[in-house]
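Some notes on the structure that comes next.
Residue numbers (the UniProt record's numbering): 1 to 372.
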């Protein structure tokens, strides 16, 4: 192409080139001309973003005869030498992948020659391929590197977490305490109270600072891993699942697996989960009412009614991401506690009235003393 008379620097017959999106053109890069397709044009028509048809790169080009011209007719005949491809089975984008992992992926794609198997092809989106070299499948190696950082939908995330929770069966009935609710839907978390959870609770006490002489900190926590993290409200440590990581802020979004709530935690307050509690089931059980869907207001009212009392949970269904339950509240206990609150409140009011009466009598007495 560089030898073509219409692409010479001193060609006097050059006409101003009017770029149009999706049109083919010739672009000069480092002294060589290449076939390109125009993808985008700047608002001031000073630069065009082009795709190099025979190499695949996407590069901005100044709209000047020195850098962009009409492509001579004879260069339209040959098909493009590069084809848009995607590694089959490998996600195309994920902002959570660390730069060091991206560098490892690029290294795997930097060999001179590969064996290629085309699994699918579309004129617009390109081909899905499997790359291999010396019997090693590159797709599998890259998938293994980035799988810990794979983005998941909210539903996929809940299904993934549910597999770690305490295993229960239809017909089970047990005592529980309300633990938390997020407000994203009508589900909520309960803490099961039985002999198994009591044993787990004793094991969890080992997570506190005075029980861990050799704490192993994590410089940068990995998402979808179980760690131990400090809860900001009570400054205690609990088992937690890393949902996302913010490298710049040096903090992670943590899901406390035994309670069901989330919080941002600094890297300095996160460390490796000890093996003694790593394999224990998660105690925060995600549930929703069977055959009923509570509104946000109804869920808030239900929470206020039961948050300080034991409830009974009856398992009616086992879904992919939660248990369908029937909730029973011992109203006798609730009534006793409400009466106790009312009695305490009345005593406080009565005491306040007595104090005010004493102060009033004292003022009358002092006033009379002054008069006499």
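C-beta: ideal position from N, C-alpha, C; glycine also.
Alpha carbon to alpha carbon, what distance is there between residue j and residue i?
i           : j           : result
residue 335 : residue 311 : 14 Å
residue 43  : residue 28  : 22 Å
residue 102 : residue 86  : 16 Å
residue 137 : residue 90  : 12 Å
residue 417 : residue 120 : Nothing can be reported for residue 417, as the shown portion of the chain is limited to 1 through 372.
residue 25  : residue 118 : 29 Å
residue 247 : residue 124 : 36 Å
residue 168 : residue 223 : 27 Å
residue 46  : residue 99  : 33 Å
residue 262 : residue 205 : 20 Å
residue 88  : residue 161 : 27 Å
residue 175 : residue 140 : 46 Å
residue 83  : residue 131 : 14 Å
residue 285 : residue 256 : 12 Å
residue 173 : residue 315 : 6 Å
residue 291 : residue 237 : 37 Å
residue 179 : residue 97  : 33 Å
residue 129 : residue 105 : 16 Å
residue 177 : residue 249 : 34 Å
residue 296 : residue 303 : 10 Å
residue 122 : residue 323 : 42 Å
residue 143 : residue 109 : 13 Å
residue 260 : residue 181 : 7 Å
residue 73  : residue 157 : 54 Å
So for residue i, helix, strand or coil by DSSP?
i           : result
residue 60  : strand
residue 66  : coil
residue 164 : coil
residue 196 : helix
residue 51  : strand
residue 44  : coil
residue 80  : coil
residue 26  : strand
residue 297 : helix
residue 34  : strand
residue 39  : strand
residue 283 : coil
residue 329 : strand
residue 302 : helix
residue 373 : Shown here, the chain extends from 1 to 372; a query on residue 373 therefore has no answer.
Contact defined as beta carbons within less than 8 Å: I believe residue i pairs with residue j. What is the distance between those atoms, to the nearest angstrom?
i           : j           : result
residue 271 : residue 242 : Not quite, the Cβ-Cβ distance comes to about 12 Å (not below 8 Å), so this is no contact.
residue 159 : residue 320 : 5 Å
residue 22  : residue 38  : 7 Å
residue 164 : residue 274 : Rounded, the Cβ-Cβ distance is 16 Å, inconsistent with contact.
residue 373 : residue 188 : No statement about residue 373 is possible, as the shown extent of the chain runs from 1 to 372 and does not include it.
residue 17  : residue 70  : 6 Å
residue 340 : residue 309 : With a Cβ gap of about 12 Å, residue 340 and residue 309 do not count as contacting.
residue 186 : residue 301 : Going by Cβ atoms, the distance from residue 186 to residue 301 rounds to 13 Å, so no, they are not a contact pair.
residue 59  : residue 67  : In fact, because the Cβ distance is near 10 Å, the residues do not count as touching under 8 Å.
Is there at least one non-hydrogen atom of the ligand FMN closer than 8 Å to the beta-carbon of residue i?
i           : result
residue 200 : This structure lacks the ligand FMN, and indeed carries no ligand of any kind.
In terms of DSSP beta bridges, what is residue i paired with?
i           : result
residue 202 : Beta-bridge pairing links residue 202 to no other residue.
residue 21  : Paired residue(s): none; residue 21 is not in a bridge.
residue 317 : 324
residue 90  : For residue 90, which the question treats as bridged, DSSP gives no partner whatsoever.
residue 288 : 324
residue 191 : 177, 284
So within the UniProt domain "Tudor" (220-280), which uninterrupted beta strand (DSSP E) runs reach at least 3 residues, ignoring any that extend past its ends? 226-230, 237-246, 251-256, 262-266, 270-272
Fully enclosed by the region 95-179, which beta strand (DSSP E) runs are 3 residues long or longer? 115-122, 126-133
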